[in-house]
Structures are given as structure tokens and as C-alpha cells.
Amino acid sequence: MNASMRKKVQRKCKIIGYNLKVDALDEILSFASRFEGDEDEAIDVLLKELEKSLKSTIIDKETVHRVVSQLLEVEADMEDSSDAGTSTSSAIRVVDAFLVPKYKYDTVRKQFYEHTGTLSIHGDASAKAALYRDRFLLLSQRLSRDQHFSKPAFESEFSHFGSCEISPIQSLVGQTGRKWVMGVISQLEDGHYYLEDLTAAVKINLANAKITTGLFSENTIVVVEGEMLVEGIFQVLTCGFPPLEDRDKSLKVLAGNDFFGGGTLSKEETIRLEEMEKRAVNDMFVILSDVWLDNEEALTKLETVLDGFESVEVVPSLFVFMGNFCSRACNLSFHSYSSLRMQFGKLGEMIAAHTRLKEQSQFLFIPGPDDAGPSTVLPRCALPKYLTEELQKHIPNAIFSSNPCRVKFYTQEIVFFRQDMLHRMRRSCLMSPSTEETDDHFQHLVATITHQSHLCPLPLTVQPIIWNYDHCLYLYPTPHTIVLGDRSQQKAFKYTGITCFNTGSFSIDSTFVAYRPCSQEVELSAL
């Protein structure tokens with residue numbers, strides 16, 4: 022170990038206010054030498070651990086030796102667990118929507134803080150107002166970092182060239198000329214649309230507006246350019262969604278806050294998991310939507326799929342079954358719960374008959390919009406235990422989660438959402454989608470949910486959402502992959518680095534998807 026490294030360690034200790042004994046320095050250098058090429062990082066980790074256990078400002082050899090032993094033990098345990106083949110099951114972490122942490126934005130400090138209190142399912146009136154405010158602030162703070170919409174730091178004759186500074190709606194009164202405004206499209210009076218921000222609301226005219234890619238409905242947050250007319254109406258000339266922000270840029274701003282759920286990772290853990298993820302080339306997820314258990318034809322098709330994957334060399338790591346699990350809606354007129362319970366039991370038997378799949382794969386069940394549950398409100402809780410008990414007798418490790426549901430594969434974040442969004446978003450559109458960039462409606466849907474950073478930007482009258490749990494549907498920071506279970510045509514689309522795909526309906530169209538998370542490769546499949 023060269024002299025420069027010795028000086029570097031001494032300097033680092035001095036900065037954090039510790040005196041280092043000579044034999045302790047040798048012990049630190051000996052530890053760092055084990056990590057060739059990563060000595061700096063190893064020293065930082067060791068000093069961080071030493072800070073936790075030191076009782077005085079003097080670092081001696083015994084203290085360093087004890088901490089080094091602990092670190093090496095942890096590393097050995099990690100290697101043993103990956104050698105034992107338990108890595109795949111521990112690599113997949115399922116996060117129920119109701120366990121996703123809630124963060125609120127502080128406009129004064131310009132940072133997020135975690136909401137620590139309990140969240141009621143039945144929120145009061147203020148919770149509904151907070152839902153809209155939090156959505157607006159989330160996109161507003163993202164937009165404030167965009168170079169095109171940020172205020173120039175220094176005034177000069179060129180400082181406003183190409184700059185589109187956002188004006189508060191309140192400031193539009195009495196103003197002339199073109200202005201840029203950000204707000205929520207609201208229908209405050211029947212048939213009359215308004216643009217609302219945190220300061221005021223203004224009536225808008227969208228008749229001649231030029232729009233960007235996306236599905237513009239009531240409740241969506243937009244950035245518009247236009248001018249005030251004498252009648253007090255804001256004439257919209259161009260209308261688009263707030264620009265997207267790169268995932269890495271968002272993560273830097275969040276400073277370790279766990280928006281996704283599943284816990285935060287240290288830099289060292291992230292690096293280790295990324296390496297393991299690169300090696301997991303054989304891992305595959307098989308995703309099916311609309312698995313009707315009361316339909317013999319659907320069960321026969323499912324058996325064919327399971328037989329096919331049972332015989333492959335490396336079986337899939339995860340099977341995701343998304344609802345609906347019954348061809349009829351489980352509403353107040355549905356009285357066949359006992360037979361549905363037995364059909365889940367039959368599915369358990371079918372899976373258990375495929376020995377390799379039962380032993381080596383995991384099975385995740387996500388409810389659909391018409392499945393049994395307290396109501397059609399989002400997020401939906403997991404399937405009732407009454408229905409799933411028979412299946413769990415055969416597959417004890419089956420996971421029943423919420424809709425939407427989040428899955429973390431090593432460092433990769435994947436969001437699953439079962440809802441017929443395309444049809445509903447198109448029905449709620451205020452304007453025909455632009456065909457300038459694409460005429461594919463699925464691409465318009467993907468652009469909408471990613472720019473809105475929300476899985477379901479529909480009006481609450483069309484799709485009710487539990488006010489206090491709206492954050493469970495956020496797509497911020499943007500996940501690596503979004504999986505939509507939609508009855509529309511099976512599609513896959515990579516948008517600004519985000520992999521998005523729709524599985525299609527298994528029972529109607531015999532379609533499903535095989536997804537390789539390591540390479541983010543989507544294989545659209547059908548029987």
C-alpha cells in the first residue's frame with residue numbers, strides 16, 4: 022500500500038475529528054488492500070462503521086480489528102447466501118400499495134418529508150384537497166428544474182431568449198401578451214373548463230389549441246401557452262404535459278427518500294445488487310391478465326402454458342396472475358363465492374402438479390377491477406383470504422398483493438397495474454389525440470401516465486381513489502418498467518428509457534408476456 026493511501030486515510034480521519042494510532046492505521050490499510058481498485062470506497066465504509074462504535078476521539082487497533090471482523094463476516098454471509106441459490110427468491114421483493122411510504126413536498130424548504138402519522142381509509146374533506154395539491158406540487162417541483170421553464174438566474178438582454186417562465190394564474194388578470202401557465206384542467210361549471218393552480222382558476226378555451234402526444238382529460242395537469250382575452254377567458258394556443266425528468270436526476274433530489282417502498286439501499290448494497298442483477302440473465306417473469314378460473318377453455322390454455330414452462334431448462338422466477346379471476350363481475354348480484362373458492366383450489370392443484378415450477382418459481386396474484394373486494398376504488402386490497410385459502414394449501418408461498426402492486430428485482434423497480442385504462446382514458450378525452458408524432462393510442466396512454474407521474478389521472482367521478490392513498494399510484498421517480506394489464510391489444514413500447522407493455526387478455530385473446538428483467542426484454546406471446 023503506497024504512501025499516498027496512508028496520507029489519504031490520515032486526512033480523512035482528521036476531517037471527521039479523530040486521532041489515528043499507527044497500528045490502527047496499518048489495520049485500516051490491510052483491510053483496504055483486500056479490495057483492489059475500490060480501496061477508497063472500502064475505507065469510507067470502514068470509517069462510517071467506526072463512527073458508530075467509537076466512544077472517544079482516538080482510534081486504536083482493537084476497535085478497528087473488531088469493526089473489520091464484523092464487515093468481513095457480513096460479506097461472507099452475503100456470498101454464502103448467493104452460493105446457496107437463495108438469491109432469486111430474495112432478489113424479488115413485493116411491495117403492497119398500502120405499505121408504500123407517503124411523502125409531502127415542503128414549498129418553503131423545497132424538499133420532501135415523510136408523512137409519519139396514520140392514514141385513514143375514510144379521509145375528511147381536507148384529504149381530497151390535499152390529493153390535488155400534492156399531485157400539483159409533485160409536478161411543479163419537477164418542472165422547476167427544467168431548463169426551459171426555470172427563471173434565469175441573472176437578468177440580461179439574452180436571459181429571456183428561449184425561456185418559458187411559468188406565471189401564476191392569479192397574475193394573469195390585466196396582463197397582455199403570451200404567457201406560460203401550469204394547472205389542472207377542471208370542470209368547475211357544467212360544460213365549462215378551467216385551469217386551476219394553487220393561486221386561482223381561469224376559464225380556458227381549448228378550441229384552437231395545438232396539443233402534444235398524450236390523452237388530455239379533466240384532472241390532468243398541463244403546461245399551456247396562451248393569452249388572456251378581454252372577456253376574461255384564457256385562449257390556449259399550445260397545450261402539453263409537464264416535461265419528464267431523468268430518473269437519476271430525481272433520485273439525487275430525493276436524497277435517500279424511499280418513494281418506491283421496499284427500503285433504501287446504501288451505495289455499497291446498490292453496487293452489489295447491480296452486479297448480481299447483471300448475472301441474472303436467466304431470470305424471467307411470466308405475466309398473465311384475465312385468468313378466468315370459471316372458464317374451462319381458459320384453464321386448459323393455462324395448463325398448456327404451465328406445461329411449456331415446466332419443460333424449459335431454467336424455469337421462470339416469477340409468475341404474475343392478474344385478475345379478473347372470474348368471467349362475471351363479483352358485485353352485489355354475484356352469489357358463487359364458494360365455487361370461486363374451489364376454482365382457486367383447482368388452480369393450486371394444477372400448479373402443484375408441475376413440480377419444478379412449484380419448487381423453483383414464485384407466484385404473485387393481483388386482483389382485477391371486477392374481482393371480489395370491498396369496492397371498485399383504487400388502490401384495491403389483496404384478494405379476500407376466504408377465496409385464496411384452498412390455493413395456499415397447495416402453494417404455501419403464493420403471494421397475494423394489492424392493485425397496483427410494486428416489485429423490486431435487485432435494484433430494478435417494476436410497477437404492475439390491472440385496469441382497462443386505454444378505453445377509459447379515451448372516453449374521457451377532451452380533445453382528439455394528436456397524430457403528429459404517433460397515432461398509436463397505447464403510446465399516447467404511456468406518454469400520459471409517465472408525464473403525469475400517476476397511474477390513473479382520470480377524474481375521481483370516473484375512477485374513485487382513496488384520497489389518503491393517492492400516493493400509491495405515483496410513478497415518481499419513474500420506475501424502470503410499467504406493466505399494464507389492459508384488455509386492449511397486446512403492445513410493448515419503450516418510452517424515454519422506461520419499458521412499458523400491455524399483456525392483453527389471456528382468457529379472451531390467449532395472450533401473455535414473458536419478460537426478462539436483466540435485459541428489459543419483452544416477449545409478447547400468444548397460444
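Sequential numbering of the sequence shown, starting at 22, is according to the working numbering.
Don't be surprised by glycine CBs; every beta carbon is placed ideally from N, CA and C.
- In this model, F438 and K69 are separated by some 40 angstroms (Cα to Cα).
- Counting the other CB atoms within 10 Å of its CB gives H213 a total below 16, which places it among the exposed residues.
- Between A393 and H415, the alpha-carbon positions lie close to 21 angstroms from each other.
- Note: L378 is not bridge-paired with any residue in the DSSP secondary-structure output.
- Rounded to the nearest angstrom, the Cβ distance from P263 to M305 is 35 angstroms, too far for a contact under 8 angstroms.
- Under DSSP, T532 shares a beta bridge with A547.
- As the crow flies, the alpha-carbon of V129 is around 19 angstroms from that of T137.
- Within the same chain, Cβ atoms closer than 7 angstroms to the Cβ of V543 are found at A513, T520, F522, V534, Y536, the five residues on either side in sequence being excluded.
- Excluding its 5 nearest sequence neighbours in each direction, L236 has C-beta neighbours in its own chain below 7 angstroms: M446, R447, C450, P454, H465, L466, T469, listed in chain order.
- Straight-line measurement puts the Cα of R166 at about 11 angstroms from the Cα of D267.
- The continuous beta strand (DSSP E) containing C521 extends over residues 519-523.
- CA-to-CA, the gap between N424 and A118 works out to about 7 angstroms.
- Judged by DSSP secondary structure, S310 falls within the beta strand (DSSP E) whose first and last residues are 306-310.
- Counting along the chain, M249 sits inside the beta strand (DSSP E) bounded by residues 242-249.
- When the beta-carbon positions are compared, D155 and Y126 come within less than 9 angstroms of each other.
- Between I486 and V398, the gap from beta carbon to beta carbon is short of 9 angstroms.
- The beta-carbon separation of L314 and F355, rounded to 14 angstroms, does not stay under the 8 angstroms limit for a contact.
- Taking the CA atoms as reference points, P417 sits about 16 angstroms from R362.
- Put simply, of A150, A148, Q162, N23 the residue whose alpha carbon is nearest the alpha carbon of K131 is Q162.
- Going by beta carbons, E434 and H501 fall inside the 9 angstroms limit.
- Relative to E370, the option among S531, C185, L412, K28 whose CA is nearest is L412.
- For V257, DSSP records a beta bridge to G247.
- Counting along the chain, D315 sits inside no beta strand (DSSP E), nor does DSSP assign it H or E at all.
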